[in-house]
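Residue numbers (my numbering), protein chains in the order written: chain L, 584 to 1323; chain D, -13 to 156.
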């Protein structure tokens, strides 16, 4: 196990060192571009809803639509072949190449052809295969795999590409600039296109009613690949089919924005092959239009595990994916390692786990599935609203169990959750059972803290559990938050307008009771009658490790513990954003609708609640205002990733500003710590690389003197390690009596 | 309030497409000003204007396709919101003329402009279902960022120029 962790850490370190800078630079551009571009869309959310509905319907009716496509394309004059798997598809295309005596095949970019490794099959048949998309061409020359769904060579810098081309092609004048490299490729590939016997493309979408292929490109190579040779093969996964031509419209407006941040790509080809453009025979002297050469079109629709994915309730959503790469560009971890780190055999980024598990088998997710931390920043960016973190959690659970894909639909069938399997990774089991650990650690504090921090303990923890020795461990407090509240000598208020339970999450209860105390004092100062009962841990920790059954147990206990309070009209106020995200999001998957809604509807993030109270007339006089703050009134605020996805960042900012603080906010997707992730030996360096972006933002001249506040436990831990200043929880700024 | 034509022109320019406005009567002169020779093209599907008798070669050979500096073709729709033009694929080779040469001159009529993509798809939907099913939504010149920076003129044109023909006087 320890050597496996070392191997992973080494691999990640290697990729970060050689490719990290280039990947980060490119994905940052795509990420920022997407935010700007979708902002220009009127009602972006409505577009996503429509796109989602179309895909849901299409996948639901897929068998019928496949037959409709077959009929329509054959009516247009083409041929349709539905291939069971990669071997089947390759065999078909090889036979076609053989029949045509094809010597040269040119391709436009198609991840599906990468999935089936078509190029190898054609080369084995004796064809020269040329990638005409420039990024793919670079990879072909370098003999490398793509590192990104849309921009496959972003791990290479211009200098690296120039060196590669100069070495491989040995041109008369050395190539240096981007223009020179592009001009060279254009000419080189242009010649091959002219010679080509067969053109191979993918398809972004295929319409069932008109037999139309939509290709979203910028270079013009796909247009040439289709127009010049007289034989065209399109390879597309069955999930590419949409019912009608008009269904294309929302996707046409979303895909470029979601991918690289352009409003639309240079070319969206919509063609219903065989196309009416005459093919070009460059050996011919006569006018092109006179050439009576007939066109031949073959559509290879690929199954390769997709129909099984469709039957799998948890993996089905993956099929809605339009391969835009938004989930890669918005992923803090992906930005550091790219697709060679955060990817499988073919696919990369957040959705890669779903794809790889579905088409290549669960084992191909082993190396990278854990790179998804569940930070949820990708969820709002997905144009078809796929719950990407959930799919990654489900596959993680299946990996823990060694289960057959799709056979353990226990969540839906109500199978009694049993213990996590005996062979499960010890590190995951350790972090997943953090609730037990915290309880024990608190009960035996301060001895537990002293013992844990001894060097031999740290070395053992690193060796056996993979807890990186460079991380500061949390310190357990002897008196828990719940105990403190119970032991208070404060009379319960009578006739209060509001009643709230302050949820004792694991960190607030056992480790940072100060913020729990600050929450209680703040709410009481605003006229709320507060309770802090003993409530089970939320299940966030086991869910992150893929321990769905355990998480479900926790969800049931939490609901049972809080039920009497909800019935008595209490609100539930959560301090830790990841626990609130659990209740508002995760619980929907783990509980029946009624119980989930009863709890989720009454649950609030603490500043969301304070904001509500102030808006409804509560008097902030008793709270600490900026002018009386001991750290000055300038604040740099980092909102927790899941908190931002829930749309809750603005409440903290608004309340702080109302109390006179000047607030600047961070602009990163995630701090990098993500619960247990940053503690793990194999991911420590990646976590710090991600955190570095946040550190930079908080060390600019404008931010360097500000008090740093963060809402999340993980963020506070990470910032504490990254900065010289100690970060604080925003509650500590506003609570009465300056409680710390 | 911008007119639809003004919006179209603004967005064309923002995607690096130069703009010339002309009338059917002045079309030939306007065209002569914007093409580079040797120029190839495909017949325009319009009544009031034609490429016949201009310097644009209408039935190019493969050699002429390769050597052309400029291609002139029609767009059957213009989408104002994006600065997008809808190009046809015809048996006369319009797709090729607008793809191979470095400069693409696109002739579009003011009456064929629509506001947004939804309207464009409504119009195209009817045509596609009637068997007329080849179009390219083209926005600006061909481009790539794969070589480390944004470069225009990859496998397709490097320059695009729209010639917008006003509605004829009734």
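Beta carbons: idealized from backbone N, C-alpha and C, even for Gly.
If you draw a straight line from the Cα of residue 945 of chain L to the Cα of residue 1212 of chain L, it is about 53 Å long. By the C-beta density criterion, residue 896 of chain L is exposed, having fewer than 16 other C-beta atoms within 10 angstroms.
Around residue 62 of chain D, no beta-carbon contact reaches into chain L at under 9 Å, the shortest distance being about 12 Å. Annotation: Cβ neighbours of residue 807 of chain L in chain D (cutoff 7 Å, chain order): 85 and 141. In the DSSP assignment, residue 649 of chain L falls within the unbroken alpha helix (DSSP H) covering 645 to 659. Excluding five sequence positions before and after residue 82 of chain D, the CB atoms of its chain that fall closer than 7 Å to its own CB belong to 51, given in chain order.
Counting every other CB atom within 10 Å of its CB across the protein chains shown gives residue -4 of chain D a total below 16, marking it as exposed. Counting every other CB atom within 10 Å of its CB across the protein chains shown gives residue 1078 of chain L a total below 16, marking it as exposed. Residue 40 of chain D carries a coil assignment under DSSP once its states are collapsed to helix, strand and coil. None of the residues of the segment -6 to 24 of chain D has a beta carbon lying less than 7 Å from any beta carbon of chain L.
Distance from the CA of residue 111 of chain D to the CA of residue 683 of chain L, rounded to the nearest whole angstrom, comes to 34 Å. Cβ-Cβ separation between residue 941 of chain L and residue 602 of chain L: approximately 26 Å, too far for a contact (criterion under 8 Å). When DSSP assignments are scanned along the segment 658 to 710 of chain L, the uninterrupted stretches of alpha helix (DSSP H) that are 4 or more residues long and fall wholly within it turn out to be 669 to 682, 694 to 699 and 701 to 707. For residue 140 of chain D, the three-state secondary structure derived from DSSP is coil. Under the three-state reduction of DSSP output, residue 64 of chain D falls in the strand class.
Contacts between residue 864 of chain L and chain D, judged by CB atoms closer than 8 Å, involve 48 in chain order.
Considering only L/1039, L/1027 and L/979, the residue with the shortest C-alpha distance to residue 1011 of chain L is L/979. A check of alpha carbon separations from residue 1115 of chain L across L/1034, L/1125, L/1102 and L/1287 identifies L/1102 as the nearest.
Between the segment 635 to 644 of chain L and the segment 857 to 866 of chain L there are fewer than three inter-stretch CB-CB distances shorter than 8 Å, so the stretches are not counted as touching. About 27 Å separates the CB atoms of residue 808 of chain L and residue 638 of chain L; that is not less than 8 Å, and the two are not in contact. Every unbroken stretch of the beta strand (DSSP E) spanning 3 or more residues and falling wholly within the segment 828 to 914 of chain L is given here in chain order: 850 to 854 and 879 to 885. Here residue 782 of chain L carries a strand assignment [DSSP, helix/strand/coil]. Cβ-Cβ separation between residue 59 of chain D and residue 25 of chain D: approximately 11 Å, too far for a contact (criterion under 8 Å). Measuring C-alpha to C-alpha distances from residue 915 of chain L to each of L/1038, L/957, L/893 and L/1206 identifies L/957 as the nearest. Against chain L, the CB of residue 99 of chain D has no partner CB under 7 Å away; the residue lies outside that interface.
Contact check between the segment 1154 to 1162 of chain L and the segment 1289 to 1303 of chain L: three or more CB pairs, one atom from each, fall below 8 Å, which counts as touching. Not one beta carbon of chain L lies nearer than 7 Å to the beta carbon of residue 41 of chain D. Within the same chain, and ignoring the five residues on either side of residue 918 of chain L in sequence, the residues whose Cβ sits closer than 6 Å to its Cβ are 607 and 610.
The DSSP-derived three-state label of residue 56 of chain D is strand.
Taking 7 Å as the threshold, the shortest C-beta distance from residue 89 of chain D to chain L does not fall below it. Around the Cβ of residue 923 of chain L, a 10 Å sphere holds 16 or more other Cβ atoms; the residue is buried.
Approximately 6 Å separates the beta-carbon atoms of residue 634 of chain L and residue 834 of chain L; this is inside 8 Å, confirming the contact.
Judged by DSSP secondary structure, residue 1303 of chain L falls within the alpha helix (DSSP H) whose first and last residues are 1296 to 1305. Short of 7 Å from the beta carbon of residue 1246 of chain L, and not among the five residues preceding or following it, lie these beta carbons of its own chain, in chain order: 1218, 1220, 1236, 1239 and 1240. Around the C-beta of residue 1081 of chain L, 16 or more other C-beta atoms lie within 10 Å, and the residue is accordingly described as buried.
The beta carbon of residue 847 of chain L sits closer than 7 Å to some beta carbon of chain D.
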